[in-house]
Structures are given as structure tokens and as C-alpha cells.
């Protein structure tokens with residue numbers, strides 16, 4: 006990659022640098038390869054390290070680069086399409102569900118969740134923890150909140166906690182007639198424990214998918230799923246994967 | 006807000022600071038209020054400015070704070086739910102479409118778009134630019150790519166460019182039988198021109214929604230929409246808005 010003269014362009018310097026770096030990634034580097042260190046890169050392109058860092062941050066947001074502690078900055082593989090909305094109106098835990106059960110505890114949910122579930126202040130709900138793997142990598146963690154009113158026949162014989170309890174909660178949930186569901190996707194930052202599970206640094210950008218399951222005229226369960234934003238593209242619709250990648254450099258004008 | 010002793014906690018310092026700041030935002034500040042400057046805040050909480058900045062960045066990712074050039078850091082209003090997937094299988098420009106036409110040009114699309122549309126190298130397509138407003142604020146910009154093959158009856162009498170041309174392209178698109186559509190949501194960074202329209206800094210995190218419209222056994226049109234990630238929550242499903250906010254602090258354990 007040649008050292009392009011960056012002084013003469015009207016757009017922000019890091020933005021132009023990002024374009025040049027992006028082209029270099031395509032032509033000179035392969036997926037998984039470690040980039041030269043920041044000092045060497047900055048020298049090569051004749052820019053300040055602060056400028057270089059801004060450009061690297063953009064490329065990381067766009068999923069082109071991954072920064073991993075102890076490894077350095079590597080060229081990221083293309084994002085993986087993860088189907089979020091293909092099967093509509095299905096309870097969690099139905100056949101061919103993409104999620105794996107981790108455990109289940111009884112706990113008071115966050116205030117916003119309690120409000121949606123219309124549970125009383127401090128009232129505990131079944132909280133099922135699940136995780137989702139794609140191409141051998143953990144791509145999402147989920148907390149599924151199920152109030153006692155939604156699973157009235159859950160017996161004390163079922164294990165009080167853990168994966169067995171999780172299975173029992175999901176089994177009971179299937180008895181309800183699912184009337185509909187709503188989903189919302191928003192940007193969030195990874196909690197410390199999710200970050201650890203997802204192999205990200207705490208605070209890394211994540212995509213948070215909130216799903217409300219409607220039954221018996223109310224919100225019978227609520228799921229908050231946290232997806233890696235660096236490696237995942239969430240897909241909705243008829244086919245499981247949309248192969249188009251966002252290319253912020255090119256645009257009609 | 007009291008100055009909490011931050012030294013004794015095992016989690017990263019900025020993470021705990023974020024929790025403390027988040028509580029302070031709830032109890033002491035109102036929406037739109039400008040935060041004290043970084044030096045004063047750092048002194049108040051007895052943390053280094055680098056720690057403070059990390060905490061502020063997390064709160065910005067979560068939509069709690071907005072940083073605006075020339076204004077400072079302000080307390081953000083709750084995110085607005087923007088319906089992306091409620092009306093399924095409808096062509097852009099159908100009745101009660103949420104988007105406003107901006108213009109239309111003939112241009113060669115990005116390589117990934119050309120591949121999806123199966124247009125030849127360098128072949129130009131109708132590129133309709135639209136924008137979307139919610140609660141009086143521009144929340145998204147869109148580029149809708151329509152190959153000539155999808156609108157064969159478009160006449161030369163129609164304006165060659167501009168909003169009139171955009172209307173003509175969408176009118177012709179409605180003639181095709183829409184067989185299905187796929188959507189994908191992923192994290193991106195705002196291009197300089199989108200950033201300007203969306204009142205964000207270039208490179209700010211955005212949510213990129215790519216939609217493929219299927220007709221006549223192929224992808225007949227492709228839309229790339231860029232949503233503000235700081236103020237928007239994208240909703241999919243039966244009802245237009247999901248009122249739950251992600252609260253990364255509270256979790257069952």
C-alpha cells in the first residue's frame with residue numbers, strides 16, 4: 006500500500022485514511038492477519054497516531070477490524086448473518102430453537118422489565134439464561150424473564166435452579182397460546198459479564214434485541230438478548246441470510 | 006450525588022463510575038440539561054479524566070448522554086421507537102410510507118449492491134434518496150437502488166433526475182409483484198454526508214438496515230437505510246413500539 010498524500014483532501018484526515026486503510030485490507034491482508042503496530046502504521050501513512058487511532062476505530066465499528074487484548078488488531082472475517090426474525094410467533098425453546106439453555110434463577114428483574122411484565126415491586130420472576138452459537142462462536146447471550154403467573158403449573162418437584170429448571174420453565178411456557186410478539190433492536194454497551202462470555206471488552210458496542218411475548222392479553226414473557234455487534238448482522242425476513250455488506254465509502258452522488 | 010468511594014470495587018473503575026453517573030442522571034438531571042465539564046466531574050468523583058471519559062462513552066453508547074460539538078454533553082431523552090418491520094412485503098413508496106423523497110440520480114452502485122442486483126460492472130442504476138423523520142427530527146437516510154430492468158416502462162418523458170424522477174421510479178416499481186423481502190440490521194459508522202444530515206459527527210455509530218426486495222425471481226431493488234443509533238430503537242412486529250429500555254446495570258445473578 007503506497008503512502009498517499011493526505012494533506013490535500015477536504016474531508017477529515019482520519020476519514021480519508023480509513024478509505025486508504027480499507028483498500029489496503031482488501032489487497033494486502035488476509036482474514037486473521039495481525040496489523041503492524043500503531044507507530045509503524047502512523048509512520049507509513051505520515052499521520053499522527055491520534056488520526057490513525059480514529060481511523061482504526063471506524064474500521065472496528067464497521068466490522069473490518071477486531072481489537073483483542075493481548076493479540077493486537079486483526080483483520081476481521083465478514084460478519085455472520087444471524088436469523089432473529091424468521092420464525093414468527095414461536096415460544097422460546099420450541100423445536101429447532103437456536104439457543105442453548107445455561108441456567109435459571111429466581112430474581113427481581115430490572116425496573117423496566119418489571120413494568121412491562123406488570124409484576125409487583127421486588128417480585129421475583131424466573132430468569133432463564135441462554136446463549137447462542139454461530140459457526141462455533143458464542144454470538145449472543147439472553148435473559149428471558151418469565152413471571153410465575155405465566156407458568157402456574159410449574160411444580161416444586163422441578164429443580165429449583167439450573168438448566169433442569171430452565172427446561173421446565175420453557176416447557177410450561179409452551180402451554181400458553183402465543184398471541185403475538187414485538188421486537189426492538191438498539192445499540193448498547195456490553196455488561197462486564199456478557200463481555201466476558203462474548204469475548205469482548207466491557208463496554209464494547211453490542212446490539213440489544215428486546216422481545217415481548219404476548220399471551221392471555223398481557224406480556225407473558227420478555228427476552229433481552231445481547232449480540233456481538235462486531236461479528237453479527239441480524240437478519241429478519243423470508244430467507245435466513247442477507248449477503249449485502251454496508252460499504253460506507255461508496256455512494257451515488 | 007455523593008462522591009462514592011470507588012477504590013474498593015473489583016469491577017473496572019469506569020464501569021462502577023458509569024453506574025453512579027447513571028443514577029445521578031436519573032435523580033439530579035433533567036432531559037436536555039448540560040453536564041458539568043469533564044474537569045469538574047472528574048474532581049467530584051475523585052477519578053482520572055480518562056476514567057471519566059470511558060464512563061461517558063458508555064453512557065453515550067447506551068443513549069443516556071448526547072455529545073454535541075459546541076454544546077457539550079447533555080442528558081438524552083429516551084430513545085424513540087421507529088417501526089422498521091411492521092408492514093411486511095410492501096414496496097417503498099406505498100401509501101402511508103414513513104419516508105420522504107429527496108432525489109434520484111443514475112449512478113453505479115457499490116460493488117456489493119451491484120452483485121446482489123446482478124447488474125453488470127459499471128452499470129448505473131436508479132438511486133433514490135429518501136429520508137425519514139420522527140418526532141420532528143431526521144432519524145434516517147436511505148439509498149434505494151433500482152436497476153433499469155425493474156422499471157422497464159419508465160419513460161424518458163419523466164424528469165431525468167430529482168424528486169419527480171424519484172416519484173416515477175417508485176410508481177413503476179409498484180407494478181411488479183413483490184414476492185418477498187429480507188432485512189438485515191448491523192452496526193456501522195456514519196458517512197460524512199449522512200452524519201451531516203443526521204446531525205451526528207462523521208464516524209458516529211449508526212444502525213444500518215439493508216432490505217432486499219424480491220420480484221420476478223430476483224432482487225428487484227435494494228435499500229440501505231442508516232438510522233441514528235443514539236436516539237432510535239428499531240421496532241419489528243405486531244405493534245409499532247416496544248417500550249422496554251435496555252438497562253445494562255441490573256441483572257439477575
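Chains as they are written, first to last, in my numbering: chain A, 6 to 258; chain B, 6 to 258.
In this text, a Cβ means the ideal position worked out from N, Cα and C, and glycines have one as well.
Applying the criterion that 16 or more other CB atoms from any shown protein chain within 10 Å of the CB defines a buried residue, is residue i buried or exposed?
i                      : result
residue 147 of chain A : buried
residue 140 of chain B : exposed
residue 201 of chain A : exposed
residue 242 of chain A : buried
residue 45 of chain A  : exposed
residue 133 of chain A : buried
residue 135 of chain B : buried
residue 157 of chain B : exposed
residue 36 of chain A  : exposed
residue 254 of chain A : A caution first: residue 254 of chain A carries a pLDDT of 43, below 50, which makes its placement in the model too unreliable to give a value.
residue 138 of chain A : exposed
residue 74 of chain B  : exposed
residue 238 of chain A : buried
residue 32 of chain B  : exposed
residue 90 of chain A  : buried
residue 258 of chain B : Note that residue 258 of chain B scores 37 on pLDDT, short of 50, meaning its location in the model is unreliable; the coordinates nonetheless yield the value given after this. Exposed, because fewer than 16 other Cβ atoms sit within 10 Å of the Cβ of residue 258 of chain B.
residue 164 of chain A : exposed
residue 173 of chain B : buried
residue 170 of chain B : buried
Which residues mark the beginning and the end of the alpha helix (DSSP H) in which residue i is found?
i                      : result
residue 187 of chain B : Residue 187 of chain B -> not in any alpha helix (DSSP H); beta strand (DSSP E) instead, spanning 185-194.
residue 137 of chain A : Premise fails: residue 137 of chain A lies in the beta strand (DSSP E), 130-139, not in any alpha helix (DSSP H).
residue 229 of chain A : Counting along the chain, residue 229 of chain A falls outside any alpha helix (DSSP H), though it belongs to the beta strand (DSSP E) covering 223-233.
residue 25 of chain B  : 18-33
residue 126 of chain B : That residue, residue 126 of chain B, is in no alpha helix (DSSP H); it is neither H nor E in DSSP.
residue 200 of chain B : 197-202
residue 44 of chain A  : 43-50
residue 118 of chain B : 116-122
residue 159 of chain A : Residue 159 of chain A -> no alpha helix (DSSP H), and no H or E assigned at all.
residue 54 of chain B  : 54-66
Is it the case that the Cβ atoms of residue i and residue j are separated by a distance below 8 Å?
i                      : j                      : result
residue 26 of chain A  : residue 97 of chain A  : no
residue 80 of chain A  : residue 30 of chain A  : yes
residue 178 of chain A : residue 210 of chain B : no
residue 68 of chain A  : residue 58 of chain A  : no
residue 236 of chain B : residue 145 of chain B : no
residue 187 of chain A : residue 217 of chain A : yes
residue 94 of chain B  : residue 111 of chain B : no
residue 60 of chain B  : residue 53 of chain B  : no
residue 40 of chain B  : residue 77 of chain B  : yes
residue 224 of chain A : residue 87 of chain A  : no
residue 108 of chain A : residue 42 of chain A  : no
residue 203 of chain A : residue 143 of chain A : yes
residue 155 of chain B : residue 226 of chain B : yes
residue 115 of chain A : residue 20 of chain B  : no
residue 64 of chain B  : residue 23 of chain B  : yes
residue 82 of chain A  : residue 124 of chain A : no
residue 205 of chain A : residue 233 of chain A : yes
residue 190 of chain B : residue 190 of chain A : yes
residue 127 of chain B : residue 117 of chain B : no
residue 66 of chain A  : residue 194 of chain B : yes
Starting from the beta carbon of residue i, find every residue of chain E whose beta carbon is closer than 8 Å, and list them in chain order.
i                     : result
residue 20 of chain B : Absent from the structure is chain E; the protein chains it does hold are A and B.
Where DSSP assigns a beta bridge to residue i, which residues make up the other side?
i                      : result
residue 165 of chain A : Per DSSP, none; premise fails for residue 165 of chain A.
residue 104 of chain B : B/137
residue 154 of chain A : Bridge partners of residue 154 of chain A: none, in fact.
residue 110 of chain A : A/132
Starting from residue i, trace the beta strand (DSSP E) both ways and give me its first and last residue.
i                      : result
residue 218 of chain A : 210-220
residue 151 of chain A : 142-151
residue 80 of chain A  : 77-80
residue 239 of chain B : 237-242
residue 71 of chain B  : 70-73
residue 99 of chain A  : Looking at the DSSP string, residue 99 of chain A is not in any beta strand (DSSP E), and its letter there is neither H nor E.
residue 88 of chain A  : 85-88
Is any non-hydrogen atom of the ligand GTP found closer than 7 Å to the C-beta of residue i, if you look at the structure I gave you?
i                      : result
residue 142 of chain A : Because no ligand of any kind appears in the structure shown, any question about the ligand GTP cannot be addressed here.
Original post:
Listed from N- to C-terminal order along the chain, which residues in the stretch 53-69 of chain B have their beta-carbon within a distance smaller than 8 Å of any beta-carbon of chain A?
Top reply: Cβ contacts with chain A come from 59, 62, 63, 66, 67, 68.
Subject >> Proximal residues, the stretch 167-188 of chain B versus chain A, C-beta separation under 9 Å >> reply: Closer than 9 Å at the C-beta level to chain A, one finds these residues of the stretch 167-188 of chain B: 184, 185, 186, 187, 188.
Original post:
Can you list, in chain order, the residues of the stretch 127-148 of chain B whose Cβ is nearer than 9 Å to any Cβ on chain A?
Top reply: 129, 130, 132, 134, 148
Subject >> Cβ-based contacts, 7 Å cut-off: residues of the stretch 231-242 of chain A near chain B >> reply: 234, 238, 239, 240, 241, 242
Original post:
Using a Cβ cut-off of 7 Å, which residues of the stretch 81-112 of chain A contact any Cβ in chain B, in chain order?
Top reply: Result list: 84, 86, 90, 110, 112.
Subject >> Contact residues within the stretch 15-49 of chain B, judged by C-beta distance below 9 Å to chain A >> reply: 16, 17, 19, 20, 23
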